[in-house]
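Protein chains in written order, with my numbering: chain Z, 1 to 339; chain P, 1 to 290. Since the structure comes first, as structure tokens, the remarks are kept for the end.
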């Protein structure tokens, strides 16, 4: 009776086992195929870099290693976005070094692009102070580079393409809207709220203070990790050239200590670049909230999906000190001792 | 020709005030230019700009920062100052609706949190709606409400307390953060100048006020960028401590501005900072007699 019922009303135990085996094979196969189809990205790392060194050559090499051909920049508008969140001469390792900005500009100029440097400092209304204190004003004057004050430029509303935060749209300044490429030029730093700040988080500074305030509190209230993803998803095409020469550890992104690394990282996929930077800093990228959100949305962060160019990151790991705070300590890579 | 005369000469005929020479209309530069023109005896030109601000006012009383959206609303305070300085009667309705909005609106408070040093429960004003209260928008609304005769209004008083709370122990302040995760933040000249302007005339028994004035005195030079220099001088002037070299510094700043095609925002600040006192701020007494 019971067998009949089984036959009549549903699959037998043997059928279930057989189907299960088949579906497992199918699932594993699909997973393998899916894994093969997952995006990969190149990240270039150069070591022994100096601000008075051959940065132009390094950046050219890095872009070429990431399959970015010079011809793809000819006639294009490139906006370079350094990090100048709250500059002061007392803490030069807080901001992107002018030498990195000028070298990047020179590369893109040589390749036929029109280059603008733009920033919307997040903590200071007087952008001129940010330019002067960071040493960027003088460097831009010498190099005859145009600066776009992204805090006060006319801006346009764009539908939020990330849709991770509740924000329906994002205001971007004109120079961002008109750019073919936005190149994030971050400083490699720890961050006292989210652990690490590099290429993706630096792009907070593409949003106008005139709309979002000083600090850009609208973003904080809508979730820092979520809005990092949304901004990155909504911007034009982005690249990253990381100032990892004199970095910041400890109480970053403002008050931390200088840590010399001598590195420059280059990549066309920002999550991959930031994940690599995090690994070098002794942090686990999968535990950094915005990087974990970025994975499978904006790019790979898994080591297996990132093709290393130039130096191997494993040989460059030098753990950055992070604050001993409950929200930060889990970000440390296992076995890594930090102060 | 004085700094003020050179600035007013250029501002008199401007009909679109922005943050750059070719920039779009914006409420803050318009309001500051209006105040500068009014203070330098150009009532007709000032009135034209005050009318622009009135035209920009939304039905809820808000004057948004830019013409392309109905927010953020922080510039409502500066529009109030302009209307009060120009002609109270002509803009009485605008002022009233702006006051009503300002008193109903406040920054988002939060429970006290050991991770941040400032008192997160105090109600001030934010840059954008539904966000936390920060120093400069709160300062602008305190100035506006005071000018409207509401100095003793509880919200004005709480705004003053908020600004004092955001001063750093060693003097000066920034956008409004004092300590994060046990580390004190850094002072900035512009925000400190704004805070000192607001705190002039208050009891100021808090030693951080004197330290903030000293911070400004020690950090202003001929090379200080324009808007920071102007607010720094204005803040000191409000406490009768105008630097002896203020006019020289302002002249140097104007020279730099003119060399790079300046904008109404900076020229208006220079014109206001060049005044030997802060009489350009409308007072409640003037409003009563308007």
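Glycine included, each C-beta is placed from N, C-alpha and C at the ideal position.
- Round the Cβ separation of residue 129 (chain Z) and residue 101 (chain Z) to the nearest angstrom and send it over; I've been treating them as touching at under 8 Å. The pair is not a contact, with the Cβ atoms about 17 Å apart (cut-off 8 Å).
- Message: Could you compute how far the alpha carbon of residue 60 (chain P) sits from the alpha carbon of residue 91 (chain P)?
- Response: Taking the straight line from one Cα to the other gives about 15 Å.
- Span of the alpha helix (DSSP H) around residue 38 (chain P): Element bounds for residue 38 (chain P): 27 to 39.
- Task: Ignore the nearest five residues each way along the sequence and tell me which others in residue 266 (chain P)'s own chain have a CB closer than 6 Å to its CB.
- Result: Sequence-distant Cβ neighbours of residue 266 (chain P) in its own chain, meaning closer than 6 Å and more than five residues away, are 226, 257.
- Item | Below-9 Å beta-carbon distance, residue 124 (chain P) vs any chain Z residue | Judged by the 9 Å Cβ criterion, residue 124 (chain P) is not in contact with chain Z.
- Query: How many Å lie between residue 63 (chain P) and residue 93 (chain P) at the Cα?
  - Reply: In a straight line, the C-alpha of residue 63 (chain P) is about 13 Å away from that of residue 93 (chain P).
- Query: Helix, strand or coil for residue 341 (chain Z) per DSSP?
  - Reply: Since the displayed chain Z opens at 1 and closes at 339, residue 341 (chain Z) lies outside it and no answer follows.
- Task: Find out if the Cβ-Cβ distance for the pair residue 151 (chain Z), residue 210 (chain Z) is shorter than 9 Å.
- Result: A contact, by the Cβ cut-off of 9 Å.
- Query: Which residues in the same chain as residue 48 (chain Z) place their Cβ atom closer than 7 Å to its Cβ, once the five residues preceding and following it in sequence are excluded?
  - Reply: For residue 48 (chain Z), same chain residues with a beta-carbon under 7 Å away, outside a window of 5 residues either side, are 262 in chain order.
- Message: Please report whether the beta-carbon of residue 217 (chain Z) lies at a distance below 9 Å from any beta-carbon of chain P.
- Response: Closer than 9 Å to some Cβ of chain P, the Cβ of residue 217 (chain Z) qualifies, so yes.
- Neighbouring residues, chain Z, relative to residue 217 (chain P) (Cβ below 8 Å): Correct list: empty, because the minimum Cβ distance to chain Z is about 18 Å.
- Item | Per DSSP, cross-strand counterpart(s) of residue 184 (chain P) | Residue 184 (chain P) pairs with P:179.
- Please list, in chain order, all residues of the same chain as residue 281 (chain P) whose beta carbon is under 6 Å from its beta carbon, the five residues on each side excluded. Excluding positions up to five away in sequence, the list is empty.
- Between the CA atoms of residue 41 (chain P) and residue 322 (chain Z) - distance to the nearest angstrom: So the two alpha carbons sit approximately 57 Å from each other.
- Task: Tell me, please, which residues DSSP counts as bridged to residue 155 (chain Z).
- Result: Answer by DSSP bridge pairing, in chain order: Z:173.
- Between the segment 292 to 303 of chain Z and the segment 245 to 258 of chain Z, do three or more beta carbon pairs fall short of 8 Å? The segment 292 to 303 of chain Z makes no contact with the segment 245 to 258 of chain Z: fewer than 3 CB pairs, one atom from each, lie closer than 8 Å.
- Task: Compare the C-beta of residue 24 (chain P) with all C-beta atoms of chain Z and state if any pair is closer than 9 Å.
- Result: Closer than 9 Å: yes.
- Item | Cβ neighbour criterion (16 or more within 10 Å) applied to residue 3 (chain Z) | Residue confidence for residue 3 (chain Z) is low, a pLDDT of 35 falling below 50, so the modelled location carries little weight and cannot support an answer.
- Message: For residue 12 (chain P), which residues in the same chain have their Cβ closer than 8 Å to its Cβ, ignoring the five residues on either side in sequence?
- Response: Answer for residue 12 (chain P): 37, 42, 45, listed in chain order.
- Which class does residue 81 (chain Z) belong to by DSSP, given the choice of helix, strand or coil? Residue 81 (chain Z) falls in the strand class under three-state DSSP.
- What is the DSSP secondary structure of residue 238 (chain Z), reduced to helix, strand or coil? Note: residue 238 (chain Z) maps to strand in three-state DSSP.
- Between the Cα of residue 207 (chain Z) and those of Z:284, Z:118, Z:326, spot the shortest distance and give me the residue it belongs to. Checked all of Z:284, Z:118, Z:326; the closest Cα to residue 207 (chain Z) is Z:118.
- Message: Quick check: the Cα distance between residue 55 (chain Z) and residue 180 (chain Z), rounded to an integer number of angstroms?
- Response: Take the alpha-carbon of residue 55 (chain Z) and the one of residue 180 (chain Z): they are about 23 Å apart.
- Query: Less than 9 Å separating the beta-carbons of residue 126 (chain Z) and residue 212 (chain P)?
  - Reply: No, these two residues do not count as a Cβ contact at 9 Å.
- Would you identify the three-state DSSP class for residue 234 (chain P), choosing helix, strand or coil? In this structure, residue 234 (chain P) counts as helix in the three-state DSSP scheme.
- For residue 289 (chain P), does the three-state DSSP call read helix, strand or coil? With a pLDDT of only 48 at residue 289 (chain P), under the threshold of 50, the placement of this residue in the model should not be trusted; the figure read from the coordinates follows. If DSSP states are grouped into helix, strand and coil, residue 289 (chain P) belongs with the helices.
- Validate contact between the segment 63 to 80 of chain P and the segment 25 to 39 of chain P using beta carbons, cut 8 Å, 3 pairs: By the criterion of at least three beta-carbon pairs nearer than 8 Å, the segment 63 to 80 of chain P is in contact with the segment 25 to 39 of chain P.
- Taking only beta-carbon positions, decide if residue 247 (chain P) is within less than 9 Å of chain Z. Answer no: the Cβ-Cβ gap between residue 247 (chain P) and chain Z never drops below 9 Å.
- Task: Could you tell me whether the Cβ atoms of residue 21 (chain P) and residue 263 (chain P) are closer together than 9 Å?
- Result: In this structure, residue 263 (chain P) lies closer than 9 Å to residue 21 (chain P) by Cβ.
- Query: Mind checking if residue 223 (chain P) is an interface residue toward chain Z, Cβ cutoff 9 Å exclusive?
  - Reply: By this cut-off, residue 223 (chain P) is an interface position.
- To which residues of the same chain is residue 289 (chain Z) closer than 7 Å at the C-beta, ignoring the five residues directly before and after it? Closer than 7 Å at Cβ, skipping near neighbours: 194, 225.
- Task: Go ahead and label residue 24 (chain Z) buried or exposed: buried means 16 or more other beta carbons lie within 10 angstroms of its beta carbon, across all protein chains shown.
- Result: Reliability fails at residue 24 (chain Z), whose pLDDT of 48 lies under 50, so the model's placement of it is uncertain and the value that follows must be treated cautiously. When all chains shown are included, residue 24 (chain Z) counts as exposed.
- Where residue 155 (chain P) falls: helix, strand or coil (DSSP): The answer is helix: DSSP assigns residue 155 (chain P) an H, G or I state.
- Since residue 180 (chain P) meets chain Z, which of its residues come closer than 7 Å, beta carbon to beta carbon? Think of a sphere of 7 Å around the beta carbon of residue 180 (chain P): the chain Z residues whose beta carbon falls inside it are 192, in chain order.
- Taking residue 135 (chain P) and residue 195 (chain P) to be in contact with their CB atoms under 8 Å, please state how far apart those CB atoms are, rounded to whole angstroms. Indeed they touch by this definition, with Cβ atoms about 6 Å apart.
- Task: With 9 Å as the C-beta to C-beta threshold (strictly closer), list the residues of the segment 99 to 114 of chain Z near chain P in chain order.
- Result: Under the 9 Å Cβ criterion, the segment 99 to 114 of chain Z contributes no residue.
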